[in-house]
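In this note's numbering, the protein residues as written are 35 to 466. Glycine residues also receive a C-beta, built at the ideal position from the N, C-alpha and C atoms. Keep in mind the model is a prediction, meaning the values are calculated, not measured.
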Ligand code: C2E
Ligand code: CA
Ligand code: CA
């Protein structure tokens, strides 16, 4: 949850005003924009010029803001140097952007205090109703997030994007729907095959969770997993995933060597003391050898609390469970991974694999990471292999394993079992 930028009593009146506006506008189906305006250097202005100068500037700033808006729009002061503007009858995002540019342009000119001309910095965050929040709380959250985001932009404004729309209302709905889906055992586990590049034989599969919502259709895991991580639901999901995978893999046809199955592990799971026992007990219960299980962990997950994660990974390794570093190359990839982390496998992120032919640097990265990781005894898996050309190139580089649409898309259990049977027969024919 974001810390609010707004002071408590003013937040109450702001929410009240927003509640009225959202109610009024829902009925009339007219959009409006919630524009948060914040002075970025107010503290410095006060410290360097004194509080009297600060107050004078605030007064001038308010007047100027007022002169920049239309008569039908309104302003509210919500913090020591924060304001909210309600812009009515906004047609689209472009309209809101225009408003932001106009405000920034008007506030750019220095302010005169006594004989000094002082520059005041402004940041703007915009959320549109109803696109970025269907109620007052959700809308305010989106505007506050956009305001924080604007600090990274030039010019310093940001319009809330759907990316940030994990607003309270949405989160609440999804969370309760997800809880129901888990209780009713309606999540699904898909499997995406992985093959040895050298021989084409099956290496194993990555388990990828699927949620088919009765109204909204398939919901992407990279959308609902982060929401589940905000509550304890992630524990239920992980527990479900482990049991589902172990249960389903018992039905797979026998192959020439036991297949590996990789489960994605949310970073939050490292905070759970019973993780190692949960996994090993489930493997025992289903009669699966722990060495067939791989846990995929992203770099950022490891970085959260490196010493706890390393201890946890070491305990898992001691139990025979394998560890894979997922999305390698997207975070603060560091050589120390190879030295300090008890991993068995490294997955090169698909962004490098996709650009193998377009970008010489990416090819160089794939080549050198492969060699370095193999030097440390890690199995290297390339993800996102979408065509024969890429497959052949990765084979030439010396990568160990490939995963991607070219080999097979993530499939439900029935399709995956068929795929395994076909692939097994095909490998036998090839080997004569
Ligand atoms: P990821 O671990 O990087 O998973 C690989 C994603 O790439 C999958 O998306 C997969 O469908 C997609 N993919 C595979 N081959 C190709 C290809 O050739 N081209 C392209 N463009 N994409 C390919 P998916 O299934 O939507 O999963 C997205 C992310 O959600 C995963 O990224 C993982 O971080 C997370 N996730 C999925 N299942 C689980 C789960 O059971 N638990 C947890 N904690 N996270 C999960
Ligand atoms: Ca993964
Ligand atoms: Ca990945």
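- Residue ranges of each beta strand (DSSP E) within the region 218-282, 3 or longer: 222-230, 236-247 and 251-253
- Message: Which residues does DSSP list as the beta-bridge partners of residue 384?
- Response: Counting from one through the chain shown, the residue named residue 384 turns up at place 350. Answer by DSSP bridge pairing: none, since residue 384 is not bridged.
- Could you work out which residue in 426, 431 and 451 is closest to residue 234 when comparing CA atoms only? Along the chain shown, one-based indexing puts residue 234 at 200. When each option's Cα is compared against that of residue 234, the closest is 426.
- Item | C-beta atoms of residue 434 and residue 230 nearer than 8 Å | The sequence position of residue 434 within the chain shown is 400, counting from 1. The sequence position of residue 230 within the chain shown is 196, counting from 1. Result yes, Cβ atoms of residue 434 and residue 230 sit closer than 8 Å.
- Item | Per DSSP, the bridge partner or partners of residue 312 | Position 278 of the chain shown holds residue 312. Its beta-bridge partners do not exist; DSSP assigns none.
- Item | Start and end residues, beta strand (DSSP E) containing residue 356 | For this step, residue 356 is matched to residue 322 along the chain shown. Run containing residue 356: 356-362, per the beta strand (DSSP E) assignment.
- Message: Would residue 409 and residue 382 qualify as a contact pair, given that the criterion is a beta-carbon distance under 8 Å?
- Response: Your numbering for residue 409 matches position 375 in the chain shown. Your numbering for residue 382 matches position 348 in the chain shown. Not closer than 8 Å, so no.
- Message: On the DSSP letters alone, give me the boundaries of the alpha helix (DSSP H) that residue 406 sits inside.
- Response: The residue labelled residue 406 in the question sits at position 372 within the chain shown. Taken as a continuous stretch (DSSP letters only), the alpha helix (DSSP H) holding residue 406 covers 394-409.
- Task: Starting from the N-terminal end, write out each residue whose C-beta falls within a distance shorter than 5 Å of any non-hydrogen atom of ligand 2.
- Result: 298, 330 and 360
- Message: Just verifying my parser: in three-state terms, what is the DSSP assignment at residue 95?
- Response: As a first step, residue 95 is located in the chain shown; it is residue number 61 there, counting from the start. Note: residue 95 maps to helix in three-state DSSP.
- Task: Just the C-alpha distance for residue 173 and residue 386, rounded to the nearest angstrom, thanks.
- Result: As a first step, residue 173 must be located in the chain shown, where it is residue number 139. As a first step, residue 386 must be located in the chain shown, where it is residue number 352. Their Cα atoms are separated by approximately 37 Å.
- Any idea if residue 346 is buried or exposed, counting beta-carbon neighbours within 10 angstroms, 16 or more meaning buried? Here the question's residue 346 lines up with position 312 in the chain shown. Buried.
- Identify the continuous beta strand (DSSP E) that holds residue 185 and give its terminal residues. What you label residue 185 is simply residue 151 of the chain shown in a count that begins at 1. No beta strand (DSSP E) holds residue 185; DSSP gives it neither H nor E.
- Closest residue to residue 65 among 79, 452, 88 and 123 (Cα-Cα distance): For the purposes of this step, residue 65 is taken as residue 31 along the chain shown, with counting starting at 1. Closest option to residue 65, Cα to Cα, is 123.
- Message: Only counting the same chain, and skipping five residues up and downstream in sequence, which positions put a Cβ closer than 8 Å to that of residue 130?
- Response: Here the question's residue 130 lines up with position 96 in the chain shown. 67, 69, 121, 124, 160, 162 and 193.
- Message: Taking contact to mean 3 or more Cβ pairs, one atom from each stretch, closer than 8 Å, check whether the region 207-224 and the region 93-111 are in contact.
- Response: no
- Query: So does residue 284 have its beta carbon nearer than 7 Å to some heavy atom of ligand 3?
  - Reply: Mapped onto the chain shown, residue 284 falls at position 250. Answer for residue 284: no, Cβ out of range of ligand 3.
- Item | residue 420 beta carbon near ligand 1 (any heavy atom closer than 7 Å) | Numbered from 1 along the chain shown, position 386 holds the residue referred to as residue 420. Because some heavy atom of ligand 1 lies under 7 Å away, the Cβ of residue 420 counts as near it: yes.
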